[in-house]
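Protein chains in written order, with UniProt numbering: chain L, 1 to 236; chain Y, 1 to 487.
Using N, Cα and C, we set each Cβ at its ideal position, and we do this for glycine too.
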Amino acid sequence: MRVLLVEDEIRLAENVAHALRDGPGFAVDHAEDGQTGLDLAENLCYDLIILDLMLPKLDGLTVLRRLRERRDSTAVLILTARSERSSIIQLLNSGADDYLSKPFDLGEVIARAKALIRRGKGMASPALRLGDLELHTGDQSVFRAGMPIVLSPMEYRILEYLMHRPRAIVSKRELLEHMYDFNWVHHSNVIEAHVSNLRRKLGEGTNPPTIENLRNRGYRLVMEYTTFKEAEDESA
Amino acid sequence: MKTYSLTRRLITAVLLVELCSLLALIGIASVYEAISHFRALDVVLRGRADSVLGAVQDAEDPEDNLMLYGTEGLAPKRDIYIVRDDRGRVIGSQGWPGGEQELASTDTREFRNLTVGGIRYRVLRRPGLRVVDPGDAKGGVARHVIILYGSRTHPVWERVRNAIAFYALSGLLLLVITGVVLLRLLRGGLQPLYELVEQAGKISVTSWNLGPSSQARYVRELEPLVSAIESALLRLEQSFAQQRQFVSDAAHELKTSVAVVKSSLQLLTMRTRSAKEYEEGLERVTVDSERMEELVAKMLTLARLEEGGEQPESYRIVELGDVLRDVAEHFRTLASFHRISLAVNADTSTLVFCDPDQLRLLCSNLIHNAIQHSGAGTEVRAIVSSQGELAQLIVEDDGEGIPEDVLPHVFDRFYRGDPSRSRRTGGTGLGLAISKAIVLRYHGAIRLKSNPGHGTSAIVTLPLVPSTTQRTDHRTTRNFEKGAVTS
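As structure tokens, then:
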């Protein structure tokens with residue numbers, strides 16, 4: 001997952017970015033003013049925008065309104081030092097999804113960020129299931145048919161992203177954009193290695209591979225027909 | 001001072017004036033009344049004395065004596081009279097025992113006041129001529145009589161008193177009527193004032209203006225008061241808003257600072273780390289909390305400076321150049337670290353009267369700012385000069401300058417021309433606000449002049465102490481300081 005952090009207080013931004021990278025393993029981009037933040041958000045590659053309100057050049061509220069005006073539906077978490085009710089109401093009515101008032105708890109920032117991303121992808125439960133594949137975002141553990149699978153952080157992140165969009169074709173570029181911060185281009189070669197490792201680890205045992213590699217189009221997380229069918233029945 | 005009622009005072013004053021004129025009127029009227037009544041009495045006396053004269057008859061005796069005849073009903077019973085003929089014989093009298101002495105007295109005034117038997121009389125002395133036997137050949141005998149006729153003055157005074165009583169009573173009635181009417185009129189006339197009071201009573205922190213329909217606005221006497229109240233309210237509201245803005249900004253800054261420290265600590269405890277990581281993390285937290293400390297210290301400095309109230313006991317005569325050189329010396333290390341050369345030009349003697357610590361703070365704020373906004377290899381110049389009655393301090397840098405739209409805000413509290421940059425350099429956004437507060441305290445002026453891309457200069461002017469003044473003579477300098485205040 002990739003997060004855009006717009007915060008002018010450098011030290012605070014460093015800490016939040018560090019926590020987000022360290023904890024849930026998000027890729028974090030940092031903008032120091034509202035204008036830069038708005039420009040970065042234009043790439044539409046973010047799963048969440050964390051926005052401070054008091055920003056130079058363009059204040060947070062304006063950034064938020066511009067985002068919503070151009071039909072950007074990325075989840076927005078506001079960080080504010082103003083905790084008056086009226087300003088919070090105004091924020092939420094202007095299209096914010098959640099807010100935290102300063103000084104906040106880093107753990108809470110991470111939890112809210114995860115919840116917002118999950119909701120943004122249309123999932124309610126912190127545990128993602130597809131067939132016999134289970135992914136717990138809380139402790140970042142993965143199970144297949146009840147058997148734990150040990151993944152590297154990058155492999156986990158790729159799987160998490162794909163699990164959020166099952167059966168859809170995810171381009172290599174999109175995957176890269178959401179896994180790494182702005183210098184993702186440098187990682188374009190390694191992503192293939194990570195995906196092939198992931199496929200190998202998931203496919204261990206008797207089942208056929210579950211991540212399809214569609215040449216020049218991208219990757220797709222699919223389940224074997226029978227398992228897939230079962231999953232459908234189960235959900236029905 | 002005791003409170004008093006304006007209405008009551010006015011009414012009392014008017015009534016007092018009225019009472020005085022009333023008294024004067026009564027005085028004049030009573031004199032007039034007394035005079036006219038006594039004139040009337042005198043006329044009556046003359047008439048009665050004449051009728052007494054008419055009663056003087058020839059006694060028809062050989063001595064040609066005179067007698068009074070037919071005196072019954074001639075004079076009112078209460079009057080007194082005595083008649084004497086030219087032979088010294090009393091020929092008649094009424095109610096006047098001892099009247100002879102009076103006749104004998106040498107007092108020949110026509111009217112006089114006498115007391116007879118304890119009663120006061122007004123007495124007319126009437127010399128009369130009676131011709132006895134006017135029908136005989138010699139044309140009769142002329143006999144001179146003297147008549148003293150007196151009438152009681154008591155009834156006259158009674159009438160005068162009645163007249164006075166009438167005047168007094170009607171005057172009193174007038175006073176009461178005036179009082180009541182005046183009270184009503186004043187009540188009505190002061191209505192705009194009462195309204196103003198009521199409206200002023202409704203002023204509070206949440207409602208800062210008098211009612212728009214204030215009738216007082218159209219009263220010439222009250223209009224200045226209304227405008228004074230309104231302008232005072234406006235100033236108060238502005239200063240309240242400013243204060244609120246400051247508190248809100250300060251809260252925001254402090255919350256952000258606390259958020260930094262808190263998140264730094266939480267980041268450390270999120271998972272177990274190596275001793276080295278902890279050490280580095282704690283160092284960062286220390287730096288963060290030092291920044292918070294600096295912010296709090298600066299906020300307190302600013303609050304204290306803006307609290308107003310001069311403390312002249314801490315004021316000294318200070319040589320601006322000395323202070324500047326001293327401060328520049330402190331910054332030399334920082335300047336050389338950034339490869340910036342620091343030049344001080346303060347040859348002229350410039351004495352200013354102020355708190356040396358605050359002057360030091362001002363110089364160090366300006367030099368620090370200049371160094372922060374200068375690139376490596378440039379120069380920062382601090383120049384002291386005197387111009388007329390003003391000392392001038394200029395701190396120039398060759399930095400990137402300040403955009404024109406930012407320039408008007410640089411002295412605002414917590415304002416950062418380029419926030420991301422100043423945050424990185426550790427600014428609190430209070431330095432220039434503090435500098436301005438210091439300069440204003442000494443009735444000086446401060447402004448920034450900037451040429452974007454070429455540098456900025458901060459120009460401070462402070463009132464100069466004339467160099468002729470002795471350094472030790474505090475009294476004169478203080479007088480000077482008070483006298484030459486121009487800002």
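Between residue i and residue j, what straight-line distance do the alpha-carbon atoms span, to the nearest angstrom?
| i | j | result |
| --- | --- | --- |
| L/L5 | Y/R217 | 56 Å |
| residue 506 of chain Y | Y/G70 | Look at the range of chain Y in this structure, 1 to 487, and you will see that residue 506 of chain Y is not part of it. |
| L/G146 | L/S94 | 44 Å |
| L/L38 | Y/A346 | 49 Å |
| Y/T166 | Y/A24 | Looking at the sequence provided, one finds Phe at residue 166 of chain Y rather than Thr. Roughly 15 Å between the two C-alpha positions. |
| L/A41 | Y/L432 | 35 Å |
| L/A124 | Y/P408 | 51 Å |
| Y/H443 | Y/F240 | 23 Å |
| L/V142 | L/A19 | 22 Å |
| Y/V160 | Y/D42 | 15 Å |
| L/A75 | L/D52 | 14 Å |
| Y/G128 | Y/S151 | 19 Å |
| L/D181 | Y/L302 | 42 Å |
| Y/K77 | Y/Q94 | 8 Å |
| L/I78 | Y/V261 | 19 Å |
| L/I10 | Y/G388 | 47 Å |
| Y/D397 | Y/T428 | 20 Å |
| Y/V44 | Y/R112 | 15 Å |
| Y/S274 | L/Y219 | 39 Å |
| Y/A55 | Y/G135 | 18 Å |
| Y/L10 | Y/A228 | 25 Å |
| L/K121 | Y/H252 | 33 Å |
For residue i, collect the residues of the same chain with a Cβ closer than 6 Å to its Cβ; drop the 5 residues on either side in sequence, then sort them by chain order.
| i | result |
| --- | --- |
| Y/S5 | none |
| Y/L114 | Y121, V123 |
| Y/S386 | T348, T350, L464 |
| L/Y156 | Q140 |
| L/S171 | G218 |
| Y/R421 | With a pLDDT of 45 at Y/R421, under the threshold of 50, the modelled position of that residue is not reliable, and the figure given next carries that caveat. Contacts found: none. |
Looking only at its chain, what residues have a beta carbon closer than 8 Å to the beta carbon of residue i, apart from the 5 residues adjacent to it on each side?
| i | result |
| --- | --- |
| Y/H154 | I119, R120 |
| residue 243 of chain L | Residue 243 of chain L is absent from the structure shown; chain L starts at 1 and stops at 236. |
| Y/A343 | E379, V380, R381, A382 |
| L/L100 | L77, I78, L79, T80, E108, V109, R112 |
| Y/G360 | A quick correction: the sequence has Arg, not Gly, at residue 360 of chain Y. Cβ neighbours of Y/R360 beyond the five flanking positions: V323, D326, V327. |
Whole-angstrom Cβ separation of residue i and residue j, contact assumed at under 8 Å?
| i | j | result |
| --- | --- | --- |
| L/R119 | L/P126 | L/R119 to L/P126, Cβ: 11 Å. No contact. |
| Y/L53 | Y/A59 | 16 Å between Cβ atoms; not a contact. |
| Y/E143 | Y/D86 | First, the residue type needs correcting, since residue 143 of chain Y is Arg and not Glu in the sequence shown. Rounded, the Cβ-Cβ distance is 6 Å, consistent with contact. |
| Y/V90 | Y/I80 | Wrong, their Cβ atoms sit about 13 Å apart, outside the cutoff. |
| Y/V318 | Y/C354 | 6 Å |
Answer yes or no: do residue i and residue j have a C-beta to C-beta separation smaller than 8 Å?
| i | j | result |
| --- | --- | --- |
| Y/I340 | Y/A376 | yes |
| L/I211 | L/V195 | yes |
| Y/I164 | Y/R84 | no |
| Y/G321 | Y/G401 | no |
| Y/I434 | Y/I394 | no |
| L/I169 | L/R217 | yes |
| Y/F411 | Y/K449 | no |
| L/D98 | L/R112 | yes |
| Y/A259 | L/F26 | no |
| L/V16 | L/D47 | no |
| L/Y161 | L/L175 | yes |
| Y/K255 | L/K102 | yes |
| Y/E100 | Y/L148 | no |
| Y/L210 | Y/V226 | yes |
| Y/L185 | Y/V14 | no |
| L/D139 | Y/M270 | no |
| Y/Q57 | Y/L74 | no |
| L/L91 | L/L61 | yes |
Considering only DSSP beta bridges, list what residue i is partnered with.
| i | result |
| --- | --- |
| L/I211 | L/L221 |
| Y/D85 | Y/V145 |
| Y/E379 | Y/S341 |
| L/Y99 | L/I78 |
| Y/F353 | Y/I317 |
| Y/I459 | Y/I394, Y/R447 |
| L/E134 | L/R129, L/F143 |
Keeping to the same chain, check which residues put their C-beta closer than 7 Å to that of residue i; ignore five residues upstream and five downstream.
| i | result |
| --- | --- |
| Y/S257 | R291, M292, L295 |
| Y/P192 | Q215, A216, V219, L222 |
| Y/A168 | I26 |
| L/M163 | L128, L130, L135, L221 |
List the residues of chain C that residue i touches, going by C-beta distances under 8 Å, in chain order.
| i | result |
| --- | --- |
| L/M1 | Judged by its chain identifiers, the structure shown contains no chain C, and its protein chains are L and Y. |
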